[in-house]
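Asks: Numbering of the sequence shown is given in numbering that gives the first Met the number 0, commencing with residue 0 and proceeding in unit increments.
Glycine included, every Cβ here is placed at the ideal spot set by N, Cα and C.
In this text the structure is predicted, and so the values were computed from the model without any measurement.
Structure provided below as C-alpha cells; questions to follow.
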Amino acid sequence: MIIHCVLFKINDGDEEYKKKIRAAIEAALRAVPTISKEAEFGPPISLGDSKEYDFALIARFPDRTALDAYAKDPKHEEAKEKVIYPNVKREETIVYDLEYGANSEA
Numbered sequence: 000m001i002i003h004c005v006l007f008k009i010n011d012g013d014e015e016y017k018k019k020i021r022a023a024i025e026a027a028l029r030a031v032p033t034i035s036k037e038a039e040f041g042p043p044i045s046l047g048d049s050k051e052y053d054f055a056l057i058a059r060f061p062d063r064t065a066l067d068a069y070a071k072d073p074k075h076e077e078a079k080e081k082v083i084y085p086n087v088k089r090e091e092t093i094v095y096d097l098e099y100g101a102n103s104e105a
C-alpha cells in the first residue's frame, strides 16, 4: 500500500478565508475519480508542531500504479491548476509518499 501525504500552507488570509480554501481544495480533490474514498483532509491538531502548515491530505493507494493514475488524472491536474496552486504557497507544499507495510515483516 502507498500512503500519499501532502502538507499545504494556504496563502495569507484570516481563518475564515483558510476554511473556505480548505473546503474548496477538498471538494476539488474528492471530484478526482481515482482518489481513494478513505482520503482524509484536515488541519493539524497541534498548531505548535505544525510548522504553520494549514492542513494535510492523506490518501491510500493499493500500489504505485494506482498512485500514478491519480497523479495523472485530468481531474487532478485541473484541481491543481484551478484551485490548489492559486491558493497555496506552492514552494512550501510538501508531498511525501511511502510504501506502508513494506518493512512489516522485519
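Thinking C-alpha only, which one of G100, E76, K17, T92 is nearest I34?
Replies: Minimum Cα distance to I34 is reached at E76.
Asks: Does DSSP classify G47 as helix, strand or coil?
Replies: Residue state, collapsed to three classes: helix.
Asks: Going along the chain, which residues of its own chain have a beta-carbon closer than 8 Å to the beta-carbon of Y69, five neighbours each way excluded?
Replies: Same-chain partners within the cutoff: H3, V31, T33, I34, A58, F60, H75.
Asks: Within a Cβ cutoff of 6 Å, which residues of the same chain sit near L106, ignoring the five residues on either side of it in sequence?
Replies: Because the chain in this structure spans residues 0 to 105, residue 106 falls outside the shown range and cannot be described.
Asks: Could you spell out the range, first to last residue, of the beta strand (DSSP E) harbouring I93?
Replies: Run containing I93: 93 to 98, per the beta strand (DSSP E) assignment.
Asks: For I1, list the residues DSSP reports as bridge partners.
Replies: The partner list for I1 (beta bridge, DSSP) reads F60, E98.
Asks: Label A105 either buried or exposed according to how many other C-beta atoms from any shown protein chain fall within 10 Å of its C-beta, with 16 as the threshold for buried.
Replies: Confidence at A105 is low in this model, with a pLDDT of 43, below 50, so its placement is unreliable and the value that follows should be read with caution. Counting Cβ neighbours within 10 Å, A105 comes out exposed, since fewer than 16 surround it.
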